[in-house]
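Enquirer: Each position in the sequence shown, counted from 1, maps to that position plus 15 in the numbering used here.
Using N, Cα and C, we set each Cβ at its ideal position, and we do this for glycine too.
These numbers were taken from a predicted model, which means no experiment stands behind them.
First, the structure itself, so that you have it in front of you.
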Amino acid sequence: MGNDPGLLDTTPLSESSAELLRRTPVPDPRVSLLVFHRDGATLVSLEPGASVVIGREPPADVVIADRSLSRQHARFSWTDAEVVVEDLGSTNGTWVRGERTQRDVVRSGDVCTLGAVAVSLHELANAGAGLHGMVGHDRFRAALEDEARRARHFGRGFGLLMVSGGRDAHPTRWWASVRGLLRPVDKIALYSPDCVEILLPEATSAQALELATKVVDGAASASCGVAAFPDASTSPEKLIEVCRTALRQADAEHPVQTAPPESSRAWTPDTASPARAELPIASSPAMQAIFKMIDRLARSVIPVLLHGETGTGKEVVSRAIHLGGTRRERPLVSVNCGAIPRELVESTLFGHERGAFTGASQQHRGVFEAADGGTVLLDEIAELPPAAQAALLRVLEAKRVTRVGSTKEIEVDVRVIAATHRDLDAMCEKAQFRRDLLYRLNVMTITIPPLRARTEEIPALARRFLGDANLANGREVRAIGPEAMALLERYAWPGNVRELRNVVERAVVIAEADVITAQDLPEAIRVPSAMVVGRAAVASPPPTRTEPPPAPGDMKSQMQRHEATVIFDALRKAAWNQSEAARELRIPLRTLVHKIKLYGIKKLGYEMG
16 MGNDPGLLDT TPLSESSAEL LRRTPVPDPR VSLLVFHRDG ATLVSLEPGA SVVIGREPPA
76 DVVIADRSLS RQHARFSWTD AEVVVEDLGS TNGTWVRGER TQRDVVRSGD VCTLGAVAVS
136 LHELANAGAG LHGMVGHDRF RAALEDEARR ARHFGRGFGL LMVSGGRDAH PTRWWASVRG
196 LLRPVDKIAL YSPDCVEILL PEATSAQALE LATKVVDGAA SASCGVAAFP DASTSPEKLI
256 EVCRTALRQA DAEHPVQTAP PESSRAWTPD TASPARAELP IASSPAMQAI FKMIDRLARS
316 VIPVLLHGET GTGKEVVSRA IHLGGTRRER PLVSVNCGAI PRELVESTLF GHERGAFTGA
376 SQQHRGVFEA ADGGTVLLDE IAELPPAAQA ALLRVLEAKR VTRVGSTKEI EVDVRVIAAT
436 HRDLDAMCEK AQFRRDLLYR LNVMTITIPP LRARTEEIPA LARRFLGDAN LANGREVRAI
496 GPEAMALLER YAWPGNVREL RNVVERAVVI AEADVITAQD LPEAIRVPSA MVVGRAAVAS
556 PPPTRTEPPP APGDMKSQMQ RHEATVIFDA LRKAAWNQSE AARELRIPLR TLVHKIKLYG
616 IKKLGYEMG
């Protein structure tokens, strides 16, 4: 069978099958090796009388682009009714059951370590059956982005889990028990040598928490972080960030930790972490101009509208405005308008009285009361429903709020900063946003450029995130290597600063040395041959076959890439409306859908096998 790096068989060994493998070396031809590596896992069939060589480069039978592997690292053979592993003179050695070996018998439950790559022996319960399971980290991220778009469109949620077995417990030891709890639609990826990430489409917060509890109960010493969309965040990059934070907070007494709701949170200088208290990095001309403007704006009380792509740092800018003015000693209360259930928006913003609605068991102060004397950041302001827009307009005009269930007006003194990545003017034209509210909010508008437009800031940001990640994960990675830094500067960062933070943290977690190398970066960033579409580097899956990639002059390959680029540009121009893109390309919709699937086109780019 083909070795697709994004797929592996996930059928756990039954107790009887596992015992049979212990007593008799190999029962039948349905045996495979599961090769866990940084970009996911690869399923390798093992046939009687045959051998498979795993290494970094051809002519190895299974090629894993990992520098911890030697070119021809180890051979797995099925001979004399035994599966045997032989080291081929590798630099980092071949380890079985924790001991370095030149030749040893591999049995069910053994973990073979080849550098940073782990290999375990599995029995295929049904050879030829459809396989489902682990995808590479890049594919997982793309699936997370896709699910976030679907969730926004259909108004539903989903869950994200991060499960760790501890630094000395590779997922090969507990993978089967976790996978057995998941549905076929769920996706799982290897985040680091001791951690997997799991996507739970259409799962509620309660369902995600229930599954997390079952996971830690079924995997000894495991811990789990849980983040739910939209409660914890509406941004995929932020979901990853808060889920990682929740996982780090888990311990033996409380092995499951849930990221708190993002609907509203208060920030004051006293509650700031050291990293958050640092001055913003603004070395590019565009950001320097913005912070000069902030110096002038901070002393006033006029509303400010921040516009920029998700992850560009709108919250950092809002904090700078707050701290630069006379309200710095009062709270900055941030509320994500897109994370609040529609029926609770007005209660969250303006408060409610006891008994105002079902579940209102006590009086509650809203965001504006909590921020009295300070600043309110209304993030994702475009997501406010019409009724809440009208209520917010009244508050901005009268500087008074009325709690839900009350007729009494309460005077509040707040400065309002609104933030969005959407085109509010266009929304006003479509009657999706109130024009009079927009006039109130955009007295001063600041447009924050994406990270790809200020690449000179990437080294300084990356070094700061390196320090933060070391502190958070107990690591001592001292630097980012020149090659890795060059790749970071070249990448387009569709997720902007937050994506850079997440990439650096994962690199710190998986780095084997005290310097981050190109090998520690995601596939989409590090592969030199990756297609660059709209300045977004998108990589092909890691090689697992012996045949060489298409030559640069391969006409068919070049034509396919050109066609994929044209389709990608048409989709982007049509805001990912496939029907509109098909009309623009003058091809049938079914043809477009087929080619999207053929080339693996996603919003951030495409990959070609």
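Pull up the distance between the alpha-carbon of aspartate 81 and that of arginine 380, whole angstroms please.
Expert: Aspartate 81 and arginine 380: Cα-Cα distance of roughly 54 Å.
Enquirer: Can you give me the C-alpha to C-alpha distance between isoleucine 309 and valine 518, rounded to a whole angstrom?
Expert: Going from the Cα of isoleucine 309 to the Cα of valine 518 covers about 29 Å.
Enquirer: Closer than 6 Å by C-beta to valine 200: which residues in its own chain qualify, once you throw out the five before and the five after it? Chain order, please.
Expert: Cβ neighbours of valine 200 beyond the five flanking positions: Pro216.
Enquirer: Compute the distance between the beta-carbons of alanine 354 and glutamate 277, then report whether it is under 7 Å.
Expert: Taking 7 Å as the Cβ cut-off, alanine 354 and glutamate 277 qualify as a contacting pair.
Enquirer: Tell me whether the stretch 333–347 and the stretch 303–322 touch, counting them as touching only if at least three CB pairs, one residue from each stretch, are closer than 8 Å.
Expert: Yes, since at least three Cβ pairs between the stretch 333–347 and the stretch 303–322 fall closer than 8 Å, the two stretches touch.
Enquirer: For leucine 604, which three-state DSSP category applies?
Expert: Helix at leucine 604.
Enquirer: Take glycine 496 and list the residues in its own chain whose beta-carbon comes closer than 8 Å to its own, dropping the five residues that flank it on each side.
Expert: Closer than 8 Å at Cβ, skipping near neighbours: Val530, Ile531, Thr532 and Ala533.
Enquirer: With DSSP as the reference, please indicate the residues paired to proline 74 in a beta bridge.
Expert: Answer is none; proline 74 lacks a bridge partner.
Enquirer: At which residue ranges does the stretch 286–355 contain complete alpha helix (DSSP H) runs of 4 or more residues, listed in the order of the chain?
Expert: DSSP runs (the alpha helix (DSSP H)) wholly in the stretch 286–355: 289–292, 300–312 and 329–338.
Enquirer: From this set, Pro537, Arg513 and Val512, which residue's C-alpha is nearest valine 524's C-alpha?
Expert: For valine 524, the nearest C-alpha among the options comes from Pro537.
Enquirer: Please state the DSSP three-state secondary structure of phenylalanine 448.
Expert: The answer is coil: DSSP assigns phenylalanine 448 none of H, G, I, E or B.
Enquirer: Checking the sheet assignment: what are the DSSP bridge partners for valine 68?
Expert: Answer is Arg90.
Enquirer: Which residue wins for smallest C-alpha separation from lysine 253, given the options Leu49, Thr327 and Glu527?
Expert: Taking only the C-alpha atoms, the option nearest lysine 253 is Thr327.
Enquirer: Based on the DSSP secondary-structure assignment, which residues constitute the bridge partners of phenylalanine 244?
Expert: Answer is Phe173, bridged to phenylalanine 244.
Enquirer: Measure the Cβ-Cβ separation of serine 238 and alanine 221 and say whether it is below 7 Å.
Expert: In this structure, alanine 221 does not lie closer than 7 Å to serine 238 by Cβ.
Enquirer: Could you tell me which residues DSSP pairs with histidine 52 in its beta bridges?
Expert: Answer is Gly55, bridged to histidine 52.
Enquirer: The alpha helix (DSSP H) with alanine 131 in it runs from where to where?
Expert: That residue, alanine 131, is in no alpha helix (DSSP H); it is neither H nor E in DSSP.
Enquirer: From which residue to which residue does the alpha helix (DSSP H) around arginine 259 run?
Expert: It spans 251–264 - the alpha helix (DSSP H) in which arginine 259 sits, taken as one unbroken run.
Enquirer: To which residues of the same chain is threonine 325 closer than 6 Å at the C-beta, ignoring the five residues directly before and after it?
Expert: Ser250 and His436, listed in sequence order.
Enquirer: Please list the terminal residues of the continuous alpha helix (DSSP H) segment that includes aspartate 428.
Expert: Run containing aspartate 428: none; DSSP gives neither H nor E here.
Enquirer: Any idea if proline 509 is buried or exposed, counting beta-carbon neighbours within 10 angstroms, 16 or more meaning buried?
Expert: Result: buried.
Enquirer: Going by other Cβ atoms of all chains shown within 10 Å of its Cβ, with 16 needed for buried, is threonine 606 buried or exposed?
Expert: Its Cβ having fewer than 16 others within 10 Å, threonine 606 is exposed.
Enquirer: Within the same chain, show all residues whose beta-carbon is closer than 6 Å to that of glutamate 471, passing over the 5 residues directly before and after it, in chain order.
Expert: Result list for glutamate 471: Ser298 and Ser299, in chain order.
Enquirer: Can at least three beta-carbon pairs, one atom from the stretch 458–473 and one from the stretch 482–498, be found at a separation below 8 Å?
Expert: No, because fewer than three Cβ pairs between the stretch 458–473 and the stretch 482–498 fall closer than 8 Å, the two stretches do not touch.
Enquirer: What would DSSP say about tryptophan 508, mapped onto helix, strand or coil?
Expert: Coil at tryptophan 508, not helix or strand.
Enquirer: Kindly indicate the opening and closing residues of the alpha helix (DSSP H) around aspartate 483.
Expert: Looking at the DSSP string, the run of the alpha helix (DSSP H) that includes aspartate 483 is 473–488.
Enquirer: What distance in whole Å lies between the Cβ atoms of valine 68 and threonine 57, which are believed to be in contact at a cut-off of 8 Å?
Expert: In fact, because the Cβ distance is near 14 Å, the residues do not count as touching under 8 Å.
Enquirer: From the DSSP output, which residues share a beta bridge with glutamine 575?
Expert: Bridge partners of glutamine 575: none, in fact.
Enquirer: For histidine 609, name the three-state secondary structure that DSSP assigns.
Expert: Reduced to three states, the DSSP call for histidine 609 is helix.
Enquirer: When you compare only the Cα positions, how much space is there between serine 207 and arginine 53?
Expert: Distance between the alpha carbons of serine 207 and arginine 53: 7 Å.
Enquirer: Does the count of Cβ pairs from the stretch 156–165 and the stretch 257–264 closer than 8 Å reach three?
Expert: Counting Cβ pairs under 8 Å, fewer than three are found: no touch.
Enquirer: I want to check one thing, is the minimum distance from the CB of glycine 181 to the heavy atoms of the ligand NAD below 6 Å?
Expert: Summarising the ligand content, the structure contains no ligands, and the ligand NAD is consequently not present.
Enquirer: Per DSSP, what are the beta-bridge partners of aspartate 119 in this structure?
Expert: Beta-bridge pairing links aspartate 119 to Val100.
Enquirer: With a Cβ-Cβ cutoff of 7 Å, do isoleucine 473 and glutamate 504 count as a contact?
Expert: Their beta carbons are under 7 Å apart, which means isoleucine 473 touches glutamate 504 by this criterion.
Enquirer: Report the residue ranges of all beta strand (DSSP E) runs contained in full by the stretch 376–424; include only those spanning at least 3 residues, in chain order.
Expert: Entirely contained in the stretch 376–424, the beta strand (DSSP E) runs reaching 3 residues are, in chain order, 390–394 and 415–417.
Enquirer: Mapping DSSP to helix, strand and coil, what is proline 44?
Expert: Only weak support is given to the placement of proline 44: the predicted model assigns it a pLDDT of 46, under 50, and the question is left unresolved by the model.
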